[in-house]
C-alpha cells in the first residue's frame, strides 16, 4: 500500500476528475461533425495533454518547495540568526 499525505491524495483525485473530463471533452471534440480533421486533432491533443503537464508542473513546484525548506543553513543565515538573537537579548536588558 502506498502511503501519501492527504494533500497529495486530494491533488491526485482532482487530477483524475480533470483528466476524465478532458477525455470526455476530447471524445466530444472528435465526434463534432462541424470541425475539420485538423481542428479535431488539435482539440484532442490539447485536451489529453494539458492535465498531465499540469500535474508534472505541480509535482516540480512541490519538489522545489520541499528542497528550499530543507536547504542547509549557510554562514550568512547563522550570522543573521546570531545577530537577531543578540539584538533580542540586548533589547530585553534595555527594558529592565
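Residue numbers (my numbering): 1 to 96. We put the beta carbon where it would ideally sit given N, CA and C, even for glycine.
How would you call residue i, buried or exposed, if buried means at least 16 neighbouring beta carbons within 10 angstroms?
i, result
"residue 7", "exposed"
"residue 22", "buried"
Taking just the CA atoms, how far does residue j sit from residue i?
i, j, result
"residue 35", "residue 29", "8 angstroms"
"residue 59", "residue 80", "32 angstroms"
"residue 98", "residue 63", "Given that the chain is displayed from residue 1 to residue 96, the structure contains no residue 98 and the question cannot be resolved."
"residue 13", "residue 77", "39 angstroms"
"residue 87", "residue 74", "20 angstroms"
"residue 33", "residue 67", "49 angstroms"
"residue 53", "residue 83", "44 angstroms"
"residue 57", "residue 65", "12 angstroms"
Here's a check: name, in chain order, each residue in its chain whose Cβ is nearer than 8 angstroms to the Cβ of residue i, leaving out the five neighbours to either side.
i, result
"residue 47", "22, 23, 25, 26 and 29"
Could you pull out every residue in the same chain whose Cβ sits closer than 7 angstroms to the Cβ of residue i, ignoring the five residues on either side in sequence?
i, result
"residue 51", "15, 18, 19 and 22"
According to DSSP, is residue i part of a helix, a strand, or is it coil?
i, result
"residue 32", "coil"
"residue 90", "helix"
Please confirm whether residue i has its beta-carbon closer than 9 angstroms to some beta-carbon of chain C.
i, result
"residue 79", "In the structure shown, chain C cannot be found, because there is only a single protein chain."
Output needed for residue i: all residues of its chain with C-beta closer than 6 angstroms, excluding positions within five of it in sequence on either side, in chain order.
i, result
"residue 43", "29"
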